[in-house]
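Here the structure is laid out as structure tokens; the discussion comes afterwards.
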Amino acid sequence: MESLAFKDDVSASSIAAANSLQLIAFSIGEQTYGVEITTVREIRAWNGATPLPNTREFVRGVINLRGTIVPIFDLRARFGEGVTSPTKNHVVVVMSVGDKWVGILVDAVSDILTVSKDDIHNVPEGNSIDTELLNGIVTHDSRMVGLIDLHAVVSGAKMDS
Amino acid sequence: MSDLDDFKATYFDECSELLLELEEQFHAIEDGDRSSNRLNAVFRAIHSIKGGGGAFGFSDLVAFAHAYETLLDHVRDGRLELSEHVATLCIRANDIVADFVAAAKDGVALAPGYGADEKAQFDALTSGNDPDMVGEPMDEFDIDFVPVMVTLNGADETPEPIALAPAAADSFEAAPMAAANRWIIRFTPHSELYARANDPLLLFRELATLGQLEIRTLIDEIPPLADFEPFGVYCSWELTLTSATAGEAQIAEVFEFVDGNCDLEIVSVAAAAEPTDIAETALPSFADLAALELSEEALDAEVEQTGAAAPGLLLSFADIAEAMKPALKAALPVMPTPLKQVVAVPDDLDGDSDRRNGSEDRRNGVQSIRVDLDKIDRVVNMVGELVITQSMLTQQMDETLRTRYQELVRGIEVLAQTTRGLQDSVMAIRAQPVKTVFSRMPRLVRELASKTGKKIRLETIGENTEIDKTIIEQLSDPLTHMIRNSADHGIELPASRSAAGKGETGVIRLSAEQAGGNILIAVEDDGGGINRERVLQVARDRGVVGPDQMLTDEQIDQLIFAPGFSTAAEVSDISGRGVGMDVVLSNIKKIGGSVHVKSWTGKGTRMTLRLPLTLAVLDVMLVKVAGSPYVIPLSSIVETIQCGRANFSRMPTGGQVLQVRGEYVQVVDLAKRFEMSTNTERENRFVVLCEAEGGVKVALIVDDIIGQQQVVIKSLEENFQSIEGIAGGTILGDGNVALIVDVQGLKTATATHKSAA
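The listed protein sequences derive, respectively, from chains Z and C. This note's numbering puts the first residue of the first sequence at 1, with every later residue one more than the last. This note's numbering puts the first residue of the second sequence at 1, with every later residue one more than the last.
Quick look at the structure:
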């Protein structure tokens with residue numbers, strides 16, 4: 001049984017280490033959302049994008065990120081709240097999703113948050129868009145922060161899907 | 001990957017090079033070059049393949065290669081004439097060797113007895129001449145050892161033939177025997193000594209600085225090959241140092257670093273007690289002995305001179321070599337390349353010209369390295385970026401900038417030049433001579449000639465012309481089809497050639513040349529030319545051409561590229577299925593090239609492929625649609641027309657067609673097609689007439705034409721997904737992304753496309 005006890009020790013300590021989560025928080029209108037900091041590659045100011053034909057309205061187009069073509073998703077439009085009219089003050093957060101890099105267009109990046117995994121709540125059933133696009137909800141400074149499910153955000157970009 | 005896998009991979013790499021060399025050499029032999037160089041090169045190639053194959057235990061390959069080698073050996077010795085029959089057999093044998101290598105590489109088993117017929121033929125041919133050769137044990141590698149130079153004085157001593165007496169006399173003057181002490185050092189290294197990267201030679205060199213050194217290598221321990229352990233230690237040395245100054249401590253100091261890794265015994269011998277006649281016979285120093293040009297005669301003379309006085313004291317490197325031979329044979333196939341090249345020298349010593357050849361080969365070996373194509377592509381990509389950044393910088397320069405910051409401007413101009421040079425150099429790395437494809441064609445022509453009963457000679461010109469590797473890989477199929485076409489349809493049978501007043505032997509000329517930014521590859525024959533009546537008749541029968549449509553000669557010639565088109569009365573092995581020329585066209589279009597055919601009745605046909613130098617850069621026309629930049633590959637553009645001058649007609653369903661030069665062409669308004677709104681007035685827009693696959697035209701309507709430029713193709717799928725009607729993206733000089741219009745995709749997709757809700 002000695003080996004079993006040893007195993008328990010290890011898992012307990014690894015849980016403690018992995019229990020907190022750092023998020024990059026950004027805002028769309030009044031609402032705050034977050035993504036895990038390790039997925040974020042770069043934050044850059046909006047500088048226009050080349051529109052892609054035959055894609056849904058939340059695909060803003062593609063930009064040149066040091067020689068690589070990266071698609072930009074309009075998160076506001078993805079939530080069905082209308083297309084953003086971006087200015088120079090809008091921000092593109094470039095993230096890696098799987099083996100791809102994508103950018104999401106948001107109003108502003110606000111903060112880096114450290115939250116405990118235990119504090120993540122499930123998204124209440126209801127609006128299908130919310131449950132589809134959010135992984136969970138955490139509370140920070142008595143504000144609600146929605147955790148973005150990046151895979152869900154970038155899927156269904158084509159016209160026919 | 002294990003070491004063995006590494007070795008194997010290297011072996012197979014080398015095999016493919018050697019097989020290519022085989023083809024090349026046989027092509028030259030076929031052309032009448034019967035010099036021994038050629039045969040020796042073939043022999044070397046087969047020998048190397050066999051040697052490596054033996055090391056990895058590919059016994060079928062080795063057995064076959066051995067029989068083949070025996071045949072070649074007979075031919076080389078002149079015991080067997082290189083007749084047509086033998087040459088054909090050899091070419092067949094090359095194929096079989098290639099098959100064996102491929103089978104070994106992929107780890108698949110060939111049919112049992114594969115190549116046995118040919119092997120039997122070899123044996124029959126060779127046994128007729130020399131029965132002894134048959135049944136010669138096949139693991140007998142005929143490698144001779146060649147002395148390798150070592151000197152005790154370090155690096156840059158020029159080797160010179162042994163000059164026995166004077167050298168010895170000099171040294172005796174410098175260090176008179178009477179005053180000298182003699183030391184006998186018995187040195188037996190352990191394997192740890194070698195494992196720690198010590199080299200006895202360096203120790204001996206060090207010792208030699210102390211006085212005059214004689215070295216005797218004890219090789220009695222070297223076991224027979226079967227028991228030979230590659231990392232075993234079998235040599236020990238007995239060194240005799242004659243020095244006026246050195247003491248035991250100094251000698252021991254030399255061996256300080258290997259202390260504990262060897263057995264060392266240092267014995268002082270009174271100089272007086274030693275018989276002086278050994279020295280008086282002018283025993284050569286080690287340095288002399290080790291010199292490279294150790295001729296047979298000199299060696300014999302030495303042995304005669306010294307052997308009597310001091311039997312067994314002298315052991316030349318040749319002797320060691322003799323003793324080491326079994327070991328070397330075992331080690332040879334897995335040795336790293338440079339070493340192998342040194343050991344391979346004996347093959348080159350057959351004659352003077354061969355030696356030149358060999359040294360050339362070696363030099364080539366040293367000057368080239370194998371690099372993963374991925375690594376090169378990464379460099380190509382980055383250079384592409386650099387080019388774009390540089391052109392962006394250049395675009396930013398206006399007149400005020402030019403006058404204010406002259407130094408900066410000059411710097412940017414130099415940067416532009418360097419960048420262009422860099423781009424050329426990088427592209428040159430990817431470039432390969434077309435020889436790699438051309439060399440496969442002689443055999444094809446040979447086969448075709450024997451199948452059709454025609455006499456055909458292949459001439460190749462400009463085979464050193466270089467093109468991008470990716471393009472080369474795409475060339476093999478089209479060229480094969482073109483040559484088949486020439487052999488089957490172009491060249492006439494010998495009888496009809498004679499009747500037409502031409503030589504019986506038809507000529508197919510394969511040529512490559514660079515013309516500006518393109519490579520032109522032409523397949524030319526002196527046959528009957530395209531039978532236009534026949535082609536037109538078949539085209540009419542098949543409905544490719546309307547009954548009342550009149551075609552120019554040129555247009556008729558182009559018909560041979562239509563899919564499924566064949567004039568052959570019946571399907572033969574070679575051609576007639578109607579696939580072929582359309583494969584040529586589509587393959588060449590795929591890599592951004594074009595095909596042109598020109599025919600002279602009764603005189604011949606010439607088909608020319610125009611290919612881009614590289615695939616990494618695409619020539620495009622930059623256009624604007626609804627304010628966004630798009631590029632259209634220049635290779636697919638036929639012409640551009642202003643909308644105001646174009647002749648549009650309305651179709652019953654509301655669609656539009658464009659009438660141009662008697663043809664009705666489908667119209668695609670890119671703005672509508674891409675669901676974007678444009679404010680540009682209809683009259684001011686442009687029609688870009690494009691040709692999609694199979695010669696079908698489509699008219700694209702764009703807002704504006706900006707100009708032509710070269711772009712680097714970027715993938716959209718890398719971070720996103722493919723989009724209908726878009727072939728990819730590219731980055732313009734201003735850093736913005738432009739999308740590449742997929743003409744073919746737009747054309748085919750239009751029919752099914754419905755406007756999105």
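All C-beta atoms in this analysis are idealised placements derived from N, C-alpha and C, irrespective of residue type, glycine included. This one's a predicted model, so the numbers in the text were calculated from it and none came from an experiment.
What residues of chain C sit near residue i, judged by a beta carbon separation below 8 Å?
i	result
Z/T55	I723
From the DSSP output, which residues share a beta bridge with residue i?
i	result
C/F231	Looking at the DSSP assignment, C/F231 forms no beta bridge with any residue, so it has no partner.
C/Y68	Bridge partners of C/Y68: none, in fact.
C/E639	C/L689
Z/V154	The partner list for Z/V154 (beta bridge, DSSP) is empty, contrary to what the question assumes.
C/A522	C/S511, C/T608
What are the boundary residues of the alpha helix (DSSP H) that residue i is part of?
i	result
C/T452	441-452
C/D95	84-106
C/I266	Unbroken run through C/I266 is the beta strand (DSSP E), 262-269; no alpha helix (DSSP H).
C/P494	494-499
C/N587	581-590
C/D557	553-558
Z/T38	Taken as a continuous stretch (DSSP letters only), Z/T38 belongs to no alpha helix (DSSP H), as it is neither H nor E.
Going by the CB atoms, is the gap between residue j and residue i shorter than 8 Å?
i	j	result
Z/V91	Z/A77	no
C/L771	C/L125	Absent from the model: residue 771 of chain C. The displayed extent of chain C is 1 to 757, so no value can be given.
C/I96	C/F64	yes
C/E69	C/K50	yes
C/I461	C/T505	no
Z/I112	Z/I37	yes
C/V657	C/M651	yes
C/G528	C/E492	yes
C/V667	C/A699	yes
C/L18	C/N94	no
C/L716	C/G729	yes
C/P733	C/S391	For the sequence presented, residue 733 of chain C should be read as Gly rather than Pro. A contact, by the Cβ cut-off of 8 Å.
C/W183	C/V258	no
C/L71	C/F122	yes
In chain Z, which residues lie with their C-beta within 7 Å of the C-beta of residue i?
i	result
C/V737	T50, V62, I63, N64, I69
C/G729	V62, I69
C/N719	T68, I69, V70, P71, K100, W101, V102
In chain Z, which residues lie less than 8 Å from residue i when you measure between Cβ atoms?
i	result
C/K714	G67, T68, I69
C/F204	Residues of chain Z passing the Cβ test: none, with the nearest at roughly 57 Å.
C/G391	Going by the sequence as given, residue 391 of chain C is Ser instead of Gly. Neighbours of C/S391 on chain Z: none; closest Cβ ~14 Å, over 8 Å.
Verify the CB distance criterion: does residue i have a CB-CB separation below 8 Å to chain Z?
i	result
C/N679	no
C/E385	yes
C/P494	no
C/S628	yes
C/D142	Low confidence applies here, because C/D142 scores a pLDDT of 45, under 50, leaving its location unreliable; read the following figure in that light. No, because no Cβ of chain Z sits closer than 8 Å to the Cβ of C/D142.
C/L294	In this prediction, C/L294 scores a pLDDT of 43, lower than 50, which makes its location untrustworthy; no coordinate-derived value is stated.
What is the residue span of the beta strand (DSSP E) that residue i lies within?
i	result
C/Y194	C/Y194 -> not in any beta strand (DSSP E); alpha helix (DSSP H) instead, spanning 191-195.
Z/N64	59-65
C/I632	628-633
C/S236	236-243
C/F674	Careful: C/F674 lies outside any beta strand (DSSP E) and carries neither H nor E.
C/Q721	Per DSSP, C/Q721 belongs to no beta strand (DSSP E) and is neither H nor E.
Using a Cβ cut-off of 9 Å, pull out every chain Z residue sitting near residue i, in sequence order please.
i	result
C/M676	P51, P53
C/I726	L52, P53, N54
C/S368	Per Cβ cutoff of 9 Å: no residues; C/S368 is ~30 Å from chain Z at best.
With a cut-off of 8 Å, does the C-beta of residue i fall near any C-beta of chain C?
i	result
Z/K88	no
Z/V102	yes
Z/K7	Any reading at Z/K7 needs caution, since the residue's pLDDT is 44, under 50, leaving its predicted position unreliable; the model's value is listed next. Answer no: the Cβ-Cβ gap between Z/K7 and chain C never drops below 8 Å.
For residue i, is the beta carbon positioned less than 7 Å from some heavy atom of the ligand NAP?
i	result
Z/N47	As far as ligands go, the structure on display features none, and thus does not contain the ligand NAP.
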